Amino acid sequence: MSVYFKTIKIILTIILSIIIGISSSLVWLVNNSTLSLELIVLVVFIIGYIICCLIFNPLIVFVIVSILSIVIRSEIEINPVEYLSGVGASDFYLNITHLVLFLGIISILIFKLKSNDKLVDYRYFNSRVLFVFLFVFFSLFLSFYAEYKKASFPQISFYLSLFGMYMFWNFIFLKIDREKLKSVVVCSFGFVILFECILILLELIKGRAIGLSIIGEGVIDQRKGVPFVSVTGTFGHPGPLSMFLLCVVVFLFPLVLQKKEYFVSLSFLLGLIGVILTFSRTSIFIVGFILIFEWILLNRMKNKKNFSKVKKVTIVLLLTLIVVVMGPYILQRFGNLDSGNDDQISNRHYHNEFALQYIREKPLLGYGLNSWVYAVNKYSYLAMNYRDSFFFENSVHNIYYLIWFEGGIFYLSIFILMFIMHITPLFNFKKYKSDPFILGLSFSLIAILLYGFLGKALHSYHQLFYLVFLIFTLINYFASVRN
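For the sequence shown, the working numbering begins at 224 and goes up steadily by one.
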């Protein structure tokens with residue numbers, strides 16, 4: 224528990240510096256209104272970040288901040304237009320990934336000042352890294368191939384910054400002790416879950432947004448089929464929020480079953496409740512399916528010293544309590560699936576058929592990066608039988624059709640293989656059966672792939688792709704390096 228305690232102490236110090244930075248920025252703004260609040264907060268935060276790097280290990284500080292930054296959906300856009308696909312459309316685009324990349328450079332410089340260790344290490348280069356590179360490289364080609372550069376260039380700007388983060392994480396993880404890195408990742412995700420669950424609770428109590436749109440809070444509407452509002456946290460929509468919580472819950476469950484850390488168990492429980500309160504039918508179904516599968520798989524392991532009967536009974540009782548309390552509302556939500564005021568089954572079917580009409584026209588190279596809204600409206604004659612504007616304004620709710628639409632069958636193949644290459648450690652169960660950490664990460668990717676059949680959350684904004692690349696890096700490190 225000492226490793227977890229030290230990590231939590233660093234996280235609390237970072238959060239405290241953020242609070243002090245925002246507070247001092249507000250005071251400055253009151254006395255000097257010539258500067259914008261965003262600029263003042265940014266400058267003070269960077270100063271606080273540098274101080275934290277000088278006090279603690281700068282690489283650990285970077286990893287913590289890079290995970291905590293998942294909650295922020297802030298963007299800088301010049302001349303943006305309404306465009307409900309990917310990261311949108313504008314003449315110039317930056318998001319939190321670009322800022323974290325800059326913070327990574329600061330951390331590396333401070334690390335070099337404090338240590339003579341070489342940072343560059345090529346032990347992680349393998350087929351997994353190759354497919355990540357191929358995905359980003361092909362995306363770069365598609366950004367120039369696309370007709371509407373105002374949408375494709377912001378998207379590739381994000382992907383390139385994400386690849387930079389991926390490289391930073393790969394180098395930096397190798398300089399951190401294996402067990403310490405695990406505690407840093409788990410504790411950081413735990414604080415993210417705690418933050419999002421507090422927002423969910425406040426949104427439910429107030430029945431409306433609580434005024435955090437600057438970091439990503441979305442529009443709060445009534446959730447169809449249940450007497451609750453559609454909570455968004457800082458992910459802009461219930462779908463991306465539920466998918467994020469789903470990934471973290473699936474990741475933490477093997478740790479809950481095999482570790483005796485109360486912080487991990489609390490984070491898992493809060494995350495599971497959060498998934499249910501989003502009332503995302505896709506996420507609720509997938510989380511139930513994967514948790515059962517993880518339970519069966521880990522229960523069959525020979526090394527299950529902490530998988531005690533007491534822990535089993537406790538987990539079953541807690542899950543039963545959640546089902547008893549929330550079960551009626553979950554049934555209402557699923558019962559509304561094909562009703563007149565929701566009609567999700569037929570809508571998703573028609574949307575998929577709509578997408579396939581366009582895909583058949585350009586099956587090899589697609590229409591270009593982040594081109595859905597532009598292409599379907601320009602070539603609207605391909606979908607003459609579809610009058611619902613929803614199909615033209617919103618991307619298809621199937622990530623595989625969407626990737627195929629953007630880049631053709633080759634792009635889709637690279638995308639799927641990129642995921643498969645990072646899931647392969649799960650199939651080497653004999654080697655990794657004693658490591659619930661890597662098993663949980665692999666199951667998180669499986670959850671993302673399953674969600675992709677029924678939702679487009681991965682392609683909404685930037686936070687979930689950011690999460691995916693972080694998981695890729697963690698799997699690559701723990702599967703490649705045994706220190």
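Note that the Cβ used here is the ideal one computed from N, Cα and C, for glycine as well. The structure presented is a predicted model; accordingly, all values stated were derived computationally and were not measured.
If you run the structure through DSSP and keep just helix, strand and coil, what is residue i?
i    : result
F642 : helix
T257 : Unreliable positioning characterises T257 in this predicted model, as indicated by a pLDDT of 48, which lies under 50. The coordinate reading is nonetheless provided below. Correct three-state label for T257: coil.
S308 : coil
L749 : No answer is possible for residue 749: the residues shown for the chain start at 224 and end at 706.
S503 : coil
Y316 : strand
V449 : coil
S196 : Since the displayed the chain opens at 224 and closes at 706, residue 196 lies outside it and no answer follows.
S683 : strand
F676 : coil
G497 : helix
L520 : helix
L649 : helix
Beta strand (DSSP E) containing residue i: first to last residue?
i    : result
I301 : E298 to I301
Let's test the definition: count the other Cβ atoms within 10 Å of the Cβ of residue i and tell me whether it reaches 16, buried, or not, exposed.
i    : result
N522 : exposed
E517 : buried
V304 : exposed
L749 : Since the first and last residues shown for the chain are 224 and 706, residue 749 lies out of range.
P477 : buried
S667 : buried
R431 : exposed
V536 : exposed
N393 : buried
G441 : buried
T505 : buried
F461 : Note on identity: in this sequence residue 461 is Pro, with Phe being the wrong assignment. With 16 or more other Cβ atoms within 10 Å, it is buried.
Y684 : buried
H572 : exposed
Please return the same chain residues whose Cβ sits closer than 7 Å to the Cβ of residue i, not counting the five positions on each side in sequence.
i    : result
T236 : C275
Hey, quick one: how far does the alpha helix (DSSP H) through residue i stretch, first residue to last?
i    : result
L697 : Q686 to S703
E426 : R401 to K429
F614 : S612 to E616
P281 : P281 to L291
G570 : The amino acid occupying residue 570 in the given sequence is Asn; Gly does not appear at that position. Where N570 is concerned, the enclosing alpha helix (DSSP H) stretches over Q567 to E584.
Leaving out the 5 sequence neighbours to the left and right, which residues in its chain are closer than 6 Å to residue i when beta-carbon positions are compared?
i    : result
I327 : Checking the displayed sequence, the identity of residue 327 turns out to be Gly instead of Ile. Closer than 6 Å at Cβ, skipping near neighbours: F285 and F391.
I295 : I319 and I438
L588 : G631
Q555 : G448 and V449
L649 : S665
N593 : S308, G309, A374, S375 and Q378
Which whole-angstrom value describes the C-beta separation of residue i and residue j, a residue pair presumed to lie in contact below a C-beta threshold of 8 Å?
i    : j    : result
A374 : Y700 : At roughly 34 Å, the Cβ-Cβ gap does not stay under 8 Å, so A374 and Y700 are not in contact.
V546 : F577 : About 36 Å; that fails the 8 Å criterion.
L690 : I293 : 6 Å
Y389 : F695 : 7 Å
V479 : F491 : 5 Å
What residues in its chain sit with their C-beta under 8 Å from that of residue i, if we drop five residues either side in the sequence?
i    : result
Y624 : N575, A578, L579 and I582
V288 : I237, Y272, V323 and L326
L422 : I433, L435, E440, V454, G456 and T457
P586 : W627, G631 and I632
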